[in-house]
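Okay, so here's the structure we're looking at.
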């Protein structure tokens, strides 16, 4: 069995300040973990993925995430938020096979 | 990179009619595609797994006679919402995975409104 918990349903930051979106997971297998971003009325775009290689994963648009097995976490960060980062972010886990388990999403708001 | 194309992006239909949504993998062959449904401000709910050349696998609680899935080729899966009702109004998203690759690629979704 696997599950993923996104700890914050909404996060609001000022443009130029750091972003932290939190994700904790559980999995019976060695997990693969992903972060996806969704803009309004659009599909999901892959930001980055962890698949048992380097624990610090760099993605697109300046985002990165660190896999911490001891904390069962995979938090998404970005040093400096941009207005275009405002969107819904989903943490996703798969422990084997094709089935993905989605978190409930975090709405990121970026203010001037 | 891999692209998944979904069509139409939005559709409005009358109650009782059927609507077909197409999902295509444009530059790779996808033996498996997935159909999700997303309610406003909620996460994605897996509806079914579409398998090329065989029957789809539906998640518990999803009516297979209402949501017909056909995966006739390695690049095309279709979802037909039959006898649509207003409660079927939602955002439907398909996805596919390249062979031997882990992340899913998603289509841009279809906004279905049943009046």
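Protein chains in written order, with the numbering used here: chain H, 357 to 468; chain Y, 20 to 134.
All C-beta atoms in this analysis are idealised placements derived from N, C-alpha and C, irrespective of residue type, glycine included.
Exercise for the section: Quick one: list the residues of chain H neighbouring residue 126/Y, beta-carbon separation under 7 Å, in chain order. Expected result: 399
Practice task
Compare the beta carbon distance of residue 462/H and residue 402/H with 8 Å and say whether it is the shorter of the two.
Solution key: no
Exercise for the section: Mind checking which residues open and close the beta strand (DSSP E) that includes residue 371/H? Expected result: Looking at the DSSP string, residue 371/H is not in any beta strand (DSSP E), and its letter there is neither H nor E.
Practice task
Tell me whether residue 391/H is buried or exposed, calling it buried when 16 or more other Cβ atoms sit within 10 Å of its Cβ.
Solution key: buried
Problem - Beta-carbon neighbours of residue 62/Y, restricted to chain H and to distances below 8 Å - result: 446, 458, 459, 460 and 461
Exercise for the section: Give the interface partners of residue 122/Y over in chain H, defined as CB-CB distance under 7 Å, in chain order. Expected result: 390, 402 and 405
Handout entry: Environment of residue 84/Y [buried if 16+ CB atoms lie within 10 Å]
Key = exposed
Handout entry: Option nearest residue 132/Y by Cα separation, candidates 92/Y, 39/Y and 73/Y
Key = 39/Y
Practice task
Using a Cβ cut-off of 8 Å, pull out every chain H residue sitting near residue 112/Y, in sequence order please.
Solution key: 399 and 400
Exercise for the section: Quick one: grab the DSSP three-state call for residue 71/Y. Expected result: coil
Handout entry: Contact list for residue 130/Y against chain H, beta-carbon separation under 7 Å
Key = 397
Handout entry: Residue environment, residue 22/Y, which counts as buried when at least 16 other CB atoms sit within 10 Å
Key = exposed
Handout entry: Complete runs of the alpha helix (DSSP H) confined to the region 35-64 of chain Y [at least 4 residues]
Key = none
Problem - Reduced DSSP category for residue 380/H - H, G, I as helix; E, B as strand; rest coil - result: strand
Practice task
Could you tell me whether the Cβ of residue 25/Y comes closer than 8 Å to any Cβ of chain H?
Solution key: yes
Handout entry: Separation of residue 34/Y from residue 134/Y, as counted between CA atoms
Key = 6 Å
Exercise for the section: Find out if the Cβ-Cβ distance for the pair residue 448/H, residue 358/H is shorter than 8 Å. Expected result: no
Problem - Touch test, the region 419-433 of chain H against the region 51-63 of chain Y, Cβ-Cβ under 8 Å, three pairs minimum - result: no
Problem - Inter-residue spacing [alpha-carbon to alpha-carbon] between residue 407/H and residue 415/H - result: 13 Å
Handout entry: Local Cβ density within 10 Å of residue 345/H, reported as buried at 16 or more and exposed below that
Key = Residue 345/H is absent from the model: chain H starts at 357 and stops at 468.
Practice task
Report the partner residues of residue 414/H according to the DSSP bridge assignment.
Solution key: 420/H
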